[in-house]
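I have placed the structure first, in the form of structure tokens, so that the comments after it can refer back to it.
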Amino acid sequence: MTIASQKTQIMVLSQWSRDAKDTTILMSGTPVRATPTVKLLGVTLDRLLHFGDHFANLKRKARPRINQLRKLTGHSWGLREHHLRAVANGYIRGAIEYAAAAWLPAASRSHLELVDRELRAAARAVTGCPLSTPAHALMAEAGLPTAEMRSATLAARMLARASALPAEDPLRELAEATVPCRLRNGISISCAVPPECVRSAGEHARRAAAEALLSDLPGAERATWVWSDGSANGGTARGGGGALIALPTGTEHTVRAPAGSLCSSTRAELVALRAALEELAKPDTSPDPDRYPTTIICLDSRAALQTVDAGPAAQSWPDGWYRSIFTDQTLPAPVRLDSREAAVDVHQLRAGHWSMSAQYLHRIGRRPTAACPGCADAGCPAARCLVCEEADTPQHVLLRCPRDDVVAALAAGFRSFQSRTTTPR
Ligand SMILES: [Zn+2]
Ligand SMILES: [Zn+2]
């Protein structure tokens, strides 16, 4: 084999800077000097594996793409939201997260913030939310996971992969040596259905195939089994879920949980799953993790499994004023309205920073009065709703403003939603 010296890069991986000083090796007779970084398959590695250079490159890569996304939309015109989301997720987040499993879990908080800053810029382009919108609400409205969430998901996935390796594999040894015991065995999620489980095979054959699949799962013979089921009336209302927990010791527990008056069957299933996990986390229910390390949970909903598999970004909606009214834990849905202007209003109102409100404009100095050039005081007369003694914040507009045309517009909007979703009996 001939090695091309001009294509060879050298970097010394060492905590000691003097190890890396003036290192040169002869490659086919040509001296090759060690450099502080090397670029390998699109990832810039540095001597201490801090990835600072890599993050600086990411910023250079993301900026032009975010500018292109901005050119696809404005406050009152632009692509439909699902197209904007697709561009933000694929073209921008996809480019940022290239080979992320290699470097994102190792990133420091300040490096994660560098990525999040770019992702927030993309989220603002998708939603039309102003700069002052709280980050959690902004990211939820755009349906984009933060770098921190992705980092945790990738780390967990890596851990699950490492634990599935043969016992003597160095990566598995490393994972087992450094990870707290609760996560030691990792979590794997499967939507697999045996091919014999088709409806035409008949109930008996389907049951046998399902039982064979379950008994072949690793650790099945000494596992804690959880069977959960959630249901909602007509798929959308008065839901609830329950689960049966069968401990390897022979004891059984059942849990039940209401899922709210407006909910989907997927949500009901997830509520049942959470109730079961909370029950299992109780010290008097939880089986000894050293003797019985495996828990197998069987869900009755493929959509629920896929939601869990998609990671925390698809499941949790961080605190914000909007969530304090709606206890639902799922992310706000993409806005499907044809009008871009209306979609931007919806995002901004839900995120709590509405750029059309007098209160917002006054606060940023764009609505001065003779008495006050601009202030953040919600009690300032310049910040009020035209008819009420209260600032016209999103909370006021959606929940409290008694003006007849505001209430009538909300009612008309809700009625059109009802007529679209009601199926004739
Ligand atoms: Zn003021
Ligand atoms: Zn009002």
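In this note's numbering, the protein residues as written are 1348 to 1772. No residue lacks a Cβ here, since even glycine has one placed at the ideal position from N, Cα and C. A quick note: this is a predicted structure, and the numbers were derived from the prediction, not measured.
> If you follow the alpha helix (DSSP H) that Arg1603 is part of, which residue opens it and which one closes it?
Replying inline: Numbered from its first residue, the sequence shown carries residue 1603 at position 256. Per DSSP, Arg1603 belongs to no alpha helix (DSSP H); it is in the beta strand (DSSP E), Glu1599 to Pro1605.
>> Taking 6 angstroms as the limit between beta carbons, can you name the residues of its chain near Ser1455, skipping five residues before and five after?
In response: Sequence index remark: in the sequence shown, residue 1455 carries index 108 (1-based). The answer is none, since no qualifying residue turns up.
>> Between the alpha carbons of Leu1684 and Arg1427, how many angstroms are there, rounded?
In response: Walking along the sequence shown from the start, residue 1684 turns up at place 337. Walking along the sequence shown from the start, residue 1427 turns up at place 80. Answer to the nearest angstrom: the Cα atoms are 8 angstroms apart.
>> Which of the three DSSP states is assigned to Pro1634 in this structure?
In response: Sequence index remark: in the sequence shown, residue 1634 carries index 287 (1-based). Here Pro1634 carries a coil assignment [DSSP, helix/strand/coil].
>> By the three-class DSSP mapping on this structure, what secondary structure does Met1348 have?
In response: Stepping through the sequence shown from its first residue, residue 1348 is reached at position 1. Reduced to three states, the DSSP call for Met1348 is coil.
> If we call anything under 8 angstroms between Cβ atoms a contact, is Ala1442 one with Ala1409?
Replying inline: Within the sequence shown, residue 1442 is the residue found at index 95, counting from 1. Within the sequence shown, residue 1409 is the residue found at index 62, counting from 1. Yes; because the gap between Cβ atoms is below 8 angstroms, this pair is in contact.
> What did DSSP end up calling Asp1647 once you bin it into helix, strand or coil?
Replying inline: Taking the first residue of the sequence shown as position 1, residue 1647 is located at position 300. Note: Asp1647 maps to coil in three-state DSSP.
>> Buried or exposed for Asp1631, going by 16 or more other Cβ atoms inside 10 Å?
In response: Numbered from 1 along the sequence shown, position 284 holds the residue referred to as residue 1631. Under this definition Asp1631 is an exposed residue.
>> I'd like to confirm something about Cys1748: is its beta-carbon nearer than 7 angstroms to some heavy atom of ligand 2, or not?
In response: Within the sequence shown, the letter at position 401 stands for residue 1748. Correct: Cys1748 has its Cβ closer than 7 angstroms to ligand 2.
> Are the beta-carbon atoms belonging to Glu1543 and Ser1575 less than 8 angstroms from one another?
Replying inline: For the purposes of this step, residue 1543 is identified with residue 196 of the sequence shown, where counting begins at 1. For the purposes of this step, residue 1575 is identified with residue 228 of the sequence shown, where counting begins at 1. Taking 8 angstroms as the Cβ cut-off, Glu1543 and Ser1575 do not qualify as a contacting pair.
>> Report the CB separation of Ala1507 from Ile1534 in whole angstroms; it is logged as a contact under 8 angstroms.
In response: Within the sequence shown, residue 1507 is the residue found at index 160, counting from 1. Within the sequence shown, residue 1534 is the residue found at index 187, counting from 1. Correct: roughly 6 angstroms between the Cβ atoms.
> Quick one, which of Arg1585, Thr1596 and Leu1594 has its alpha-carbon nearest Ala1604's?
Replying inline: Counting from one through the sequence shown, the residue named residue 1604 turns up at place 257. Looking at Arg1585, Thr1596 and Leu1594, the one whose alpha-carbon comes closest to that of Ala1604 is Arg1585.
> Can the beta-carbon of Thr1391 be found less than 8 angstroms from the beta-carbon of Thr1382?
Replying inline: What you label residue 1391 is simply residue 44 of the sequence shown in a count that begins at 1. What you label residue 1382 is simply residue 35 of the sequence shown in a count that begins at 1. For Thr1391 and Thr1382, no; Cβs fall outside 8 angstroms.
> Given that a residue counts as buried once 16 or more other Cβ atoms are within 10 Å of its Cβ, and exposed if not, what is Leu1518?
Replying inline: Here residue 1518 corresponds to residue number 171 of the sequence shown, with the count starting at 1. Per the 10 Å Cβ criterion, exposed.
> Who are Leu1392's beta bridge partners in DSSP?
Replying inline: Mapped onto the sequence shown, residue 1392 falls at position 45. Bridge partners of Leu1392 according to DSSP: Val1385.
> DSSP state of Gly1490, grouped into three classes?
Replying inline: Here residue 1490 corresponds to residue number 143 of the sequence shown, with the count starting at 1. Three-state DSSP puts Gly1490 in coil, outside helix and strand.
>> Whole angstroms are fine: how far does the CA of Ala1579 sit from the CA of Lys1629?
In response: The count along the sequence shown starts at 1 and reaches residue 1629 at position 282. The count along the sequence shown starts at 1 and reaches residue 1579 at position 232. Distance between the alpha carbons of Lys1629 and Ala1579: 27 angstroms.
> Does the beta carbon of Cys1727 fall short of 7 angstroms from some heavy atom of ligand 2?
Replying inline: Mapped onto the sequence shown, residue 1727 falls at position 380. It does not: the Cβ of Cys1727 is nowhere closer than 7 angstroms to a heavy atom of ligand 2.
>> Taking the alpha carbon of Arg1417 as the reference point, which residue from Ala1367, Ala1469, His1551 and Val1744 has its own alpha carbon closest?
In response: Indexing the sequence shown from 1 puts residue 1417 at position 70. The shortest Cα separation from Arg1417 among Ala1367, Ala1469, His1551 and Val1744 belongs to Ala1469.
>> Under 8 angstroms: do the region 1692–1705 and the region 1476–1484 share three or more Cβ pairs, one atom per stretch?
In response: The region 1692–1705 is in contact with the region 1476–1484.
> If you follow the alpha helix (DSSP H) that Thr1371 is part of, which residue opens it and which one closes it?
Replying inline: The sequence position of residue 1371 within the sequence shown is 24, counting from 1. Here Thr1371 belongs to no alpha helix (DSSP H); instead the beta strand (DSSP E) covers Thr1371 to Met1374.
> For ligand 2, is there a heavy atom less than 7 angstroms away from the beta-carbon of His1709?
Replying inline: Your numbering for residue 1709 matches position 362 in the sequence shown. False, no ligand heavy atom lies under 7 angstroms from that Cβ.
> Hey, is Asp1752 close to ligand 2, as in C-beta under 7 angstroms from one of its heavy atoms?
Replying inline: As a working note, residue 1752 is residue 405 in the sequence shown. Answer for Asp1752: no, Cβ out of range of ligand 2.
> Looking at the structure shown, is Trp1450 part of a helix, part of a strand, or coil, going by DSSP?
Replying inline: Residue 1450 sits at position 103 when you count from the first residue of the sequence shown. Trp1450 falls in the helix class under three-state DSSP.
> So, Ala1730 versus His1743, is the Cβ gap smaller than 8 angstroms?
Replying inline: Residue 1730 sits at position 383 when you count from the first residue of the sequence shown. Residue 1743 sits at position 396 when you count from the first residue of the sequence shown. Cβ distance not < 8 angstroms, so Ala1730 and His1743 don't count as in contact.
> Can you find at least 3 beta carbon pairs, one from the region 1631–1649 and one from the region 1561–1569, that sit closer than 8 angstroms?
Replying inline: yes
> Between the C-alpha atoms of Ser1352 and Leu1373, what's the straight-line distance to the nearest angstrom?
Replying inline: One-based indexing of the sequence shown puts residue 1352 at position 5. One-based indexing of the sequence shown puts residue 1373 at position 26. Rounded to the nearest angstrom, the two C-alpha atoms are 8 angstroms apart.
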